[in-house]
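Have a look at the structure below, then the notes.
Protein chains: 4
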Amino acid sequence: MNRLRAFVRERDWEQFHTPKNLAMALAAEAGELLEVFQWLTEAEAAAVMESGQKAAAVREEVADVFLYLLRLADVLGVDLAEAASAKLERNAVKYPVALSKGSARKYTELGAPGQVEARD
Amino acid sequence: MNRLRAFVRERDWEQFHTPKNLAMALAAEAGELLEVFQWLTEAEAAAVMESGQKAAAVREEVADVFLYLLRLADVLGVDLAEAASAKLERNAVKYPVALSKGSARKYTELGAPGQVEARD
Amino acid sequence: MNRLRAFVRERDWEQFHTPKNLAMALAAEAGELLEVFQWLTEAEAAAVMESGQKAAAVREEVADVFLYLLRLADVLGVDLAEAASAKLERNAVKYPVALSKGSARKYTELGAPGQVEARD
Amino acid sequence: MNRLRAFVRERDWEQFHTPKNLAMALAAEAGELLEVFQWLTEAEAAAVMESGQKAAAVREEVADVFLYLLRLADVLGVDLAEAASAKLERNAVKYPVALSKGSARKYTELGAPGQVEARD
Numbered sequence: 299m300n301r302l303r304a305f306v307r308e309r310d311w312e313q314f315h316t317p318k319n320l321a322m323a324l325a326a327e328a329g330e331l332l333e334v335f336q337w338l339t340e341a342e343a344a345a346v347m348e349s350g351q352k353a354a355a356v357r358e359e360v361a362d363v364f365l366y367l368l369r370l371a372d373v374l375g376v377d378l379a380e381a382a383s384a385k386l387e388r389n390a391v392k393y394p395v396a397l398s399k400g401s402a403r404k405y406t407e408l409g410a411p412g413q414v415e416a417r418d
Numbered sequence: 299m300n301r302l303r304a305f306v307r308e309r310d311w312e313q314f315h316t317p318k319n320l321a322m323a324l325a326a327e328a329g330e331l332l333e334v335f336q337w338l339t340e341a342e343a344a345a346v347m348e349s350g351q352k353a354a355a356v357r358e359e360v361a362d363v364f365l366y367l368l369r370l371a372d373v374l375g376v377d378l379a380e381a382a383s384a385k386l387e388r389n390a391v392k393y394p395v396a397l398s399k400g401s402a403r404k405y406t407e408l409g410a411p412g413q414v415e416a417r418d
Numbered sequence: 299m300n301r302l303r304a305f306v307r308e309r310d311w312e313q314f315h316t317p318k319n320l321a322m323a324l325a326a327e328a329g330e331l332l333e334v335f336q337w338l339t340e341a342e343a344a345a346v347m348e349s350g351q352k353a354a355a356v357r358e359e360v361a362d363v364f365l366y367l368l369r370l371a372d373v374l375g376v377d378l379a380e381a382a383s384a385k386l387e388r389n390a391v392k393y394p395v396a397l398s399k400g401s402a403r404k405y406t407e408l409g410a411p412g413q414v415e416a417r418d
Numbered sequence: 299m300n301r302l303r304a305f306v307r308e309r310d311w312e313q314f315h316t317p318k319n320l321a322m323a324l325a326a327e328a329g330e331l332l333e334v335f336q337w338l339t340e341a342e343a344a345a346v347m348e349s350g351q352k353a354a355a356v357r358e359e360v361a362d363v364f365l366y367l368l369r370l371a372d373v374l375g376v377d378l379a380e381a382a383s384a385k386l387e388r389n390a391v392k393y394p395v396a397l398s399k400g401s402a403r404k405y406t407e408l409g410a411p412g413q414v415e416a417r418d
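Protein chains in written order, with the working numbering: chain A, 299 to 418; chain B, 299 to 418; chain C, 299 to 418; chain D, 299 to 418.
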């Protein structure tokens with residue numbers, strides 16, 4: 299994060315790095331990551347790191363998402379590790395092992411009969 | 299990452315965590331982060347952490363993006379810190395301080411006359 | 299939609315155009331649209347169609363989003379005009395003019411005191 | 299588009315509907331569409347319209363994407379049908395039937411040996 303901050307400061311880019319712009323840049327990079335996977339079958343996607351060219355693209359886009367996430371967290375004063383840890387604890391309550399094992403149902407649907415449901 | 303891996307394993311969710319699905323979940327969470335900011339003015343966005351409710355929403359969505367990014371990196375065998383560091387070095391070459399200072403032009407436009415341009 | 303369908307059929311691309319893949323492609327194109335706007339100030343964004351190069355980029359990305367949306371609707375058998383019309387009617391109920399005038403609060407927050415809130 | 303424009307005007311929401319904000323809202327809705335599909339297998343995704351609840355969610359999110367796309371096009375003065383038609387013509391040149399038949403390779407890779415590649 300320090301190196302990234304210096305990189306931005308040297309280029310006088312803080313002016314562009316507003317929370318709103320960084321949230322957009324993060325989502326745009328997440329979109330580029332989608333682009334790598336969008337036409338692959340599940341089997342091709344599972345083997346994506348075995349192709350030199352695609353593996354490089356994946357590493358690049360994953361890095362871009364991470365860099366913008368670090369920037370956004372820095373600008374907003376959010377401690378990423380702490381936020382993730384707190385969320386994982388809340389998720390453990392929302393998704394008890396006994397109810398959610400092997401199910402992709404969203405927590406609002408746990409215990410309900412019926413189909414596999416999207417999880418948030 | 300270890301705690302996250304255990305969380306997923308206990309719930310038998312590895313079956314859902316294919317690279318393709320995780321890339322989708324990551325992009326969906328980046329979209330929820332956009333939602334927090336989309337109707338805010340730049341001034342409101344800059345003050346977003348001063349509102350308890352919005353600050354909590356930001357922390358939540360930032361955490362969700364981070365958790366899915368960690369999962370994706372884990373499943374693909376990508377070292378996040380190393381990938382980000384390598385990308386930052388490539389960016390330092392693409393965006394020399396002398397040419398890019400104070401400009402949001404994309405590297406393919408650096409040195410070219412004309413308007414501020416989106417950076418990738 | 300007919301021309302698009304023919305375009306896809308001629309190239310034998312139906313095999314790639316599953317609902318899941320098309321939803322990914324749509325989101326990836328929405329990300330490219332974000333990229334056009336992400337470093338622009340509100341004033342620059344409002345004048346985006348006055349720059350030949352940026353106007354062309356906007357038209358391109360808007361078209362890409364529309365084409366994938368048409369494809370997805372076609373593959374899923376969703377009538378876009380009807381779905382939009384039905385949603386607009388539901389929104390008219392969720393956002394009564396008297397309560398929502400001039401406010402960006404989400405419908406779940408209407409009537410509540412406090413800050414401007416994201417709308418879904 | 300006229301009904302949508304009236305809906306927005308009655309609520310005095312033009313102030314929020316800047317190109318930048320609308321591009322964000324569009325991407326956020328594309329993210330909600332991803333969320334419907336992200337944990338589904340290809341088979342489940344193909345059958346998504348047979349489940350009442352999921353079909354309703356799909357129609358809702360597809361409508362949201364369309365409504366924001368219409369708003370953005372309206373605000374920017376882009377003719378959606380014309381932009382899509384022009385793009386389809388450019389794509390027909392970039393992806394000649396003879397070279398692209400049955401292949402998901404991006405146009406920059408057409409003719410090149412090697413793996414199936416993401417298309418933009």
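All C-beta atoms, glycine included, are put in the ideal place defined by N, C-alpha and C.
Secondary structure of residue i, DSSP reduced to three states
i, result
"residue 416 of chain C", "Note that residue 416 of chain C has pLDDT 39, beneath the 50 cutoff, so the model's placement of it is unreliable and no number is given."
"residue 314 of chain D", "coil"
"residue 338 of chain A", "coil"
"residue 345 of chain A", "coil"
"residue 380 of chain B", "helix"
"residue 395 of chain C", "helix"
Contacts that residue i makes with chain B (C-beta to C-beta distance below 7 Å)
i, result
"residue 325 of chain C", "325"
Neighbour list for residue i in chain D, Cβ cutoff strictly below 7 Å
i, result
"residue 402 of chain A", "337"
"residue 407 of chain C", "Chain D residues near residue 407 of chain C: none, gap ~15 Å exceeds 7 Å."
Terminal residues of the alpha helix (DSSP H) in which residue i lies
i, result
"residue 400 of chain A", "Here residue 400 of chain A belongs to no alpha helix (DSSP H), and DSSP marks it neither H nor E."
"residue 331 of chain D", "317 to 335"
"residue 408 of chain A", "Element bounds for residue 408 of chain A: n/a, residue is neither H nor E."
"residue 350 of chain D", "350 to 374"
"residue 304 of chain B", "300 to 308"
9 Å Cβ cut-off: residues of chain D touching residue i
i, result
"residue 332 of chain B", "322, 323, 325, 326, 329"
Integer Cβ distance of residue i from residue j, believed to fall under 8 Å
i, j, result
"residue 361 of chain A", "residue 381 of chain B", "4 Å"
"residue 272 of chain B", "residue 370 of chain B", "In this structure chain B extends from 299 to 418, so residue 272 of chain B is not present and cannot be described."
"residue 400 of chain B", "residue 377 of chain A", "Not quite, the Cβ-Cβ distance comes to about 30 Å (not below 8 Å), so this is no contact."
"residue 302 of chain A", "residue 386 of chain B", "6 Å"
"residue 308 of chain B", "residue 330 of chain B", "In fact, because the Cβ distance is near 25 Å, the residues do not count as touching under 8 Å."
"residue 299 of chain B", "residue 335 of chain D", "Actually they are not in contact, since the Cβ atoms of residue 299 of chain B and residue 335 of chain D sit about 26 Å apart, beyond 8 Å."
"residue 316 of chain B", "residue 340 of chain A", "6 Å"
"residue 356 of chain D", "residue 374 of chain C", "6 Å"
"residue 314 of chain C", "residue 402 of chain D", "5 Å"
"residue 390 of chain D", "residue 305 of chain C", "7 Å"
Proximal chain A residues relative to residue i, where beta-carbon distance stays under 8 Å
i, result
"residue 348 of chain B", "By Cβ distance, chain A contributes nothing, its closest Cβ being about 11 Å from residue 348 of chain B, past 8 Å."
* Quick one: which residues of the segment 382 to 398 of chain C get their C-beta closer than 8 Å to a C-beta of chain D? List them in chain order. => 382, 383, 384, 385, 386, 389, 390, 393, 395, 398
* **the segment 300 to 322 of chain D: positions lying closer than 7 Å to chain B by Cβ** => 314, 319, 322
* Which residues, in order along the segment 351 to 372 of chain D, keep a beta-carbon less than 8 Å from a beta-carbon of chain C? -> 356, 357, 358, 360, 361, 362, 363, 364, 365, 367, 368, 370, 371
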